[in-house]
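A quick write-up on the structure given underneath.
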Amino acid sequence: MPFEPGSLTVRRVDASTWALVDALVYRGRRDRFVVPAGFRTDFATVPRPVTWLVPRFGAYTLAAILHDWLITEGLRTGLVTSRDADGIFRRVMRESGVPVLRRWLMWTGVRWGALTDERRRRGWLISAPGVLVLSVLAAPLVLPPGLAILPALAVYSAAEWLVARWFPARAQELVLETSVG
Numbered sequence: 001m002p003f004e005p006g007s008l009t010v011r012r013v014d015a016s017t018w019a020l021v022d023a024l025v026y027r028g029r030r031d032r033f034v035v036p037a038g039f040r041t042d043f044a045t046v047p048r049p050v051t052w053l054v055p056r057f058g059a060y061t062l063a064a065i066l067h068d069w070l071i072t073e074g075l076r077t078g079l080v081t082s083r084d085a086d087g088i089f090r091r092v093m094r095e096s097g098v099p100v101l102r103r104w105l106m107w108t109g110v111r112w113g114a115l116t117d118e119r120r121r122r123g124w125l126i127s128a129p130g131v132l133v134l135s136v137l138a139a140p141l142v143l144p145p146g147l148a149i150l151p152a153l154a155v156y157s158a159a160e161w162l163v164a165r166w167f168p169a170r171a172q173e174l175v176l177e178t179s180v181g
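For the sequence shown, the positions run 1 to 181 when the working numbering is used.
See below:
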């Protein structure tokens with residue numbers, strides 16, 4: 001396992017954000033990165049219509065957290081470029097045992113995601129041919145279920161909004177029971 005110690009402890013910040021309790025250390029053949037305790041992540045950032053294929057966490061969770069850190073702090077400090085961060089993400093997923101098809105689909109997703117962030121766009125055209133080829137090859141597998149899910153999500157969102165008008169949600173604390181001794 002490329003991570004030391006290979007386990008992860010997080011605390012919940014809000015409904016979609018988590019903070020590392022301990023540092024996450026990646027040690028590869030050439031690279032060593034330390035994601036500090038307190039770093040905030042949403043695990044894998046996956047568009048809702050494709051979470052059936054790539055859930056927010058799995059064998060790639062530690063690689064996703066490292067990627068989140070690389071595309072924020074790594075870019076800000078000049079440690080990596082956006083292309084480097086995405087390539088490291090793919091390599092670390094391989095080292096973590098993520099199947100080849102899933103890791104290449106996830107790499108394609110993060111390269112598309114780079115277009116939506118001004119800081120990450122530089123160098124996108126270099127990887128564009130690979131991203132486009134993989135997108136075309138993946139489309140018959142990913143688009144039909146995704147297009148079927150979109151209308152269902154729209155109907156559900158509308159129903160949730162309507163019901164919330166009569167039964168508004170109440171903020172509640174997350175309370176975990178613990179037993180002593």
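For glycine and all other residues, C-beta sits at the position ideal for the given N, C-alpha and C. This one's a predicted model, so the numbers in the text were calculated from it and none came from an experiment.
| field | Bridge partner(s) assigned by DSSP for Trp18 | value | Within the sequence shown, the letter at position 18 stands for residue 18. DSSP, once it has assigned bridges, lists Arg12, Thr41 as partnering Trp18.
| query | Leaving out the 5 sequence neighbours to the left and right, which residues in its chain are closer than 6 Å to Arg120 when beta-carbon positions are compared? | reply | Residue numbering aside, residue 120 sits at position 120 when the sequence shown is read from its first letter. Ser82, Ala114.
| task | Answer yes if the segment 74-91 comes into contact with the segment 99-110, meaning at least three C-beta pairs across the two stretches below 8 Å, and no otherwise. | result | yes
| field | Continuous alpha helix (DSSP H) assignments of at least 4 residues falling wholly in the segment 26-84 | value | 61-69
| task | Determine, using beta carbons only, whether Glu73 and Pro2 come nearer to each other than 8 Å. | result | As a position in the sequence shown, residue 73 is number 73, starting the count at 1. As a position in the sequence shown, residue 2 is number 2, starting the count at 1. No, the pair does not count as a contact, with Cβ atoms beyond the cut-off.
| Does DSSP put Leu125 in a helix, a strand or coil? | Taking the first residue of the sequence shown as 1, we reach residue 125 at position 125. Correct three-state label for Leu125: helix.
| message | For a minimum of 4 consecutive residues, which ranges assigned as the alpha helix (DSSP H) are wholly contained in the segment 85-136? | response | 100-114
| task | Taking only the alpha-carbon atoms, compute the straight-line gap between Leu141 and Leu53 and give it to the nearest angstrom. | result | To locate residue 141, count along the sequence shown from 1; it is residue 141. To locate residue 53, count along the sequence shown from 1; it is residue 53. Computed Cα separation, rounded: 10 Å.
| field | Selected residue, minimal CA-CA separation from Leu20, among Gly78, Val100, Ile65, Trp112 | value | To locate residue 20, count along the sequence shown from 1; it is residue 20. Residue Ile65 is the option with its Cα nearest to Leu20.
| query | Taking the alpha-carbon positions, what's the Pro36 to Thr9 distance? | reply | As a position in the sequence shown, residue 36 is number 36, starting the count at 1. As a position in the sequence shown, residue 9 is number 9, starting the count at 1. Each residue's alpha carbon lies about 12 Å from the other.
| said: Which residue wins for smallest C-alpha separation from Thr41, given the options Leu75, Trp69, Tyr26? | reply: By one-based count along the sequence shown, residue 41 stands at place 41. Residue Trp69 is the option with its Cα nearest to Thr41.
| task | Within the same chain, show all residues whose beta-carbon is closer than 8 Å to that of Arg11, passing over the 5 residues directly before and after it, in chain order. | result | For the purposes of this step, residue 11 is taken as residue 11 along the sequence shown, with counting starting at 1. Excluding positions up to five away in sequence, the list reads Trp18, Ala19, Val21.
| query | How would you call Ala134, buried or exposed, if buried means at least 16 neighbouring beta carbons within 10 angstroms? | reply | Here residue 134 corresponds to residue number 134 of the sequence shown, with the count starting at 1. Before going further, note that residue 134 is Leu rather than Ala in the sequence given. The residue in question, Leu134, is buried, as its Cβ has 16 or more Cβ neighbours within 10 Å.
| Going by DSSP, what residues sit across from Leu24 in a beta bridge? | The sequence position of residue 24 within the sequence shown is 24, counting from 1. Val35.
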